[in-house]
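Chains as they are written, first to last, in my numbering: chain A, 1 to 663; chain B, 664 to 871.
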């Protein structure tokens, strides 16, 4: 047998012997000691490589039975069975975890949409002038794609097939290229909608919505730091990342652009003149019109967004006043309760809540008049008189001016090549970005629950896959001259295969996560029954640490656990031990969750068990050694540690958005 | 023997895959419910119960399928380095020590739990007048039974491996990271990767 096996086994044996040596003799053993024994056993049990869900389940049942037996041996069996099935059922009917299969399903669908090569190509052309263009494009592609799919293995493999060869061909250093692919591929763990945050939310009882809002800041900060590092490195050491040759930067212009481009460099101007000048340009006018409309898209989007903002900013505050109504009604109901018997009060109370909005409004004025303070009278009675729009605030005009200036610069720079790049982005980058933003926006703004957004996102992923597959087939079939019906039929058939595969993979992944949850909830119930939690708490409190020390220690432990264990196991098994300690130190569980998520990212990049490296090695040329990949990952791991420290020093990076949105 | 093992695998797989279509139904149901609520202003009171039931059934019934495909997460630090016989020995011991008691307890407890629910024709505890809950609770013993059967098959596999010194084969299934399929998706051939190797080795020579 190999050396490392003996090494590992002897460490485990040492742990077991040490635990037994430290335990008091059986006669003095308390339940708390049993709890600690259980914790030590589970670490060894996981290391042995047995499916963790069942290790937890079996151990939980056994130790839970011991705990009940110490109270009342006659009832122990029934009690532990009851506890177990209650725990299992609570996982089955958990309304937070339900979002997991949906997000996973969405991820598999988007992954199979076959849009990543177009995404990478268009981003690479769009960033061609930036130093280290290919590495920057890789990280941006990874950030977007990983966000949508959340599957580290698939993203790293795909980027290893697409971006890694491209970078090597362009003369990039192997290590830098490997680092960009692996570090970028792991971003999906942190940037929402990540499954990790859902699992943490379910374990810690923190709102997933707030976690998502909070993870935006750290996630984009990390991506930004990666990109900044690559750009600075490319500036300082051009030999590591040579700029692209002119031939790679260019893009073939289509026929109409070649005809129009000699007349002027600016595409906006050229198209406008061709449109007004009519046939003299020599290009069919529908083509010109179509291109001109594409050119106008940024302006239209900016205008539309400004319009919506204006609508929201100047609309009279209806929401605020209805909130007032409910409260006022509640006050009335409460008053009634005080005066009369409770029954009538209860009836009043439901009466206020249940009737539709119109009735509530009718009831409102007297209630509001009764309850409202003098200064809020105007506000609460506003809905009864048809309100006018509020005056447009000054900042909105400033925003408009800045946007118009930006658009002017954009159109001034709008060359024919840029038009082509923009069209490519429009067909690859924007659909995905819109899907992600729609899913996340509706969650964070509170329009939909994570579950609903995930389901709609999965449907969107399906449509995206359908559209991309259809266009691909259309392009392949068109030269062959086959009819439309055939293309549709191939697409539908392929789509059926995609849905089937994605559904099966989703079932396996969610079974993996949720069964782990079933196991661990039985385990942690037994741990709490034995009073192990109390022992840990007393011990930690006896160390008399400051919150900073505790935080650093906790993160260090999680970081170390990240080496041998997967993030699912760490969160599901060990978070229930940490989280009850947080209130003692006055730490916000939301903030702690963000730190943990950022921390576990590092685990994916830390050798020797970094999964990302192995996925890349699987598709890299044979001469790229695992050591080279590890060496390439190190600087990015350093950046993650810096990001962790930054987040710790400036918690507002993560907490600002949740505070603004949900106060 | 191998035939029987594969047969049980197939049954678990078939059941798991049949139930995995629930994710498609779940997606469509929630999407429709969202549309119906916001666009048509017509929410359904039962939708939330049904969603939860679909989710719970999906993952519980996929448990045996995942076990048949060796898909449950393991602590893989040392396990991967072990020779097959040691792997099988450890697995066998832990299946008997943890898996069998745990799953039998779940099956037994789930059976009583569901039987009580059937006896009182239990309704939803989330919404008033909601859908009945006893078929959903029945999923616990059913999933436990499938899991137990699959677990016994895995135990037999361990024994075979202990005897032969290598793991008996399993049926193929969809992979999360299927490198060949991904290569096809982005149109990369093995030769392209081989060609790249020259660039890498040239780079390394340049450094020396």
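Where is the CB? At the ideal position from N, CA and C, for every residue including glycine.
For residue 71 of chain A, the enclosing alpha helix (DSSP H) stretches over residues 52-71. Nearest Cα to residue 661 of chain A within the set A:583, A:650, A:216, A:147: A:216. Minimum Cα-Cα distance from residue 77 of chain A among the listed residues B:768, B:668, B:684, B:845 corresponds to B:768.
Shortest Cα-Cα distance from residue 614 of chain A to any of A:245, A:596, A:486, A:633 involves A:633. By the 16-neighbour rule on beta-carbons within 10 angstroms, residue 833 of chain B is exposed.
For residue 781 of chain B, no chain A residue has a C-beta closer than 9 Å to its own C-beta; the minimum C-beta separation is roughly 14 Å.
Between the alpha carbons of residue 268 of chain A and residue 182 of chain A lies a distance of about 39 Å.
Per DSSP, reduced to three states, the secondary structure at residue 743 of chain B is coil, with no helix or strand assignment. For residue 723 of chain B, at least one C-beta of chain A is nearer than 8 Å to its own C-beta. Contact annotation: residue 516 of chain A and residue 572 of chain A have beta-carbon atoms nearer than 8 Å. With a beta-carbon spacing of about 7 Å, residue 211 of chain A and residue 590 of chain A fall inside the 8 Å limit used to define contacts. Put simply, the region 175-193 of chain A touches the region 218-231 of chain A. At least three CB pairs are less than 8 Å apart.
About 18 Å separates the beta carbons of residue 455 of chain A and residue 197 of chain A, which is beyond the 8 Å limit, so they are not a contact pair. If you draw a straight line from the Cα of residue 686 of chain B to the Cα of residue 792 of chain B, it comes to about 25 Å.
For residue 688 of chain B, the three-state secondary structure derived from DSSP is helix. Three or more Cβ pairs drawn from the region 48-63 of chain A and the region 737-747 of chain B lie within less than 8 Å of each other, which places the two stretches in contact. Membership of residue 412 of chain A in the alpha helix (DSSP H) is indicated by the continuous run 394-412. Only buried fits residue 672 of chain B, as 16 or more other CB atoms lie within 10 angstroms of its CB. Distance check between residue 825 of chain B and each of B:698, B:677, B:750, B:708 places B:750 closest, using alpha-carbon atoms only.
Judged by DSSP secondary structure, residue 660 of chain A falls within the alpha helix (DSSP H) whose first and last residues are 652-662. For residue 797 of chain B, the enclosing alpha helix (DSSP H) has its first and last residue at 797-827. Look at residue 670 of chain B: its C-beta is not under 8 Å from any C-beta on chain A. Straight-line spacing of the CA atoms in residue 100 of chain A and residue 466 of chain A works out to 23 Å. For chain B, the residues of the region 47-59 of chain A that bring a beta carbon within less than 7 Å of one of its beta carbons are 47, 48, 49, 50, 51, 52, 53, 54, 55, 57, 58, 59, in chain order. Neighbourhood of residue 151 of chain A in chain B, by CB distance below 7 Å: 839, in chain order. Here residue 144 of chain A really is in contact with residue 119 of chain A; their C-beta atoms are around 7 Å apart, less than 8 Å.
Taking C-beta atoms as the reference points, residue 682 of chain B and residue 716 of chain B fail to come closer than 8 Å. Between residue 161 of chain A and residue 851 of chain B, the beta carbon gap of about 5 Å places them in contact (Cβ cut-off 8 Å). Three or more beta-carbon pairs drawn from the region 56-64 of chain A and the region 524-536 of chain A are found closer than 8 Å, and the two stretches are therefore classed as touching.
With respect to chain A, the C-beta atom of residue 813 of chain B has no partner C-beta closer than 8 Å. Residue 94 of chain A carries a coil assignment under DSSP once its states are collapsed to helix, strand and coil.
Excluding the 5 residues flanking it on each side, residue 620 of chain A has same chain C-beta neighbours closer than 8 Å at 160, 164, 178, 629, in chain order. Counting other Cβ atoms within 10 Å of its Cβ, residue 745 of chain B reaches 16 or more and is therefore classed as buried.
If you check the CB distance, residue 399 of chain A and residue 306 of chain A come in under 8 Å. Taking C-beta atoms as the reference points, residue 134 of chain A and residue 170 of chain A count as a pair closer than 8 Å. Taking the Cα positions, residue 843 of chain B is about 29 Å away from residue 600 of chain A.
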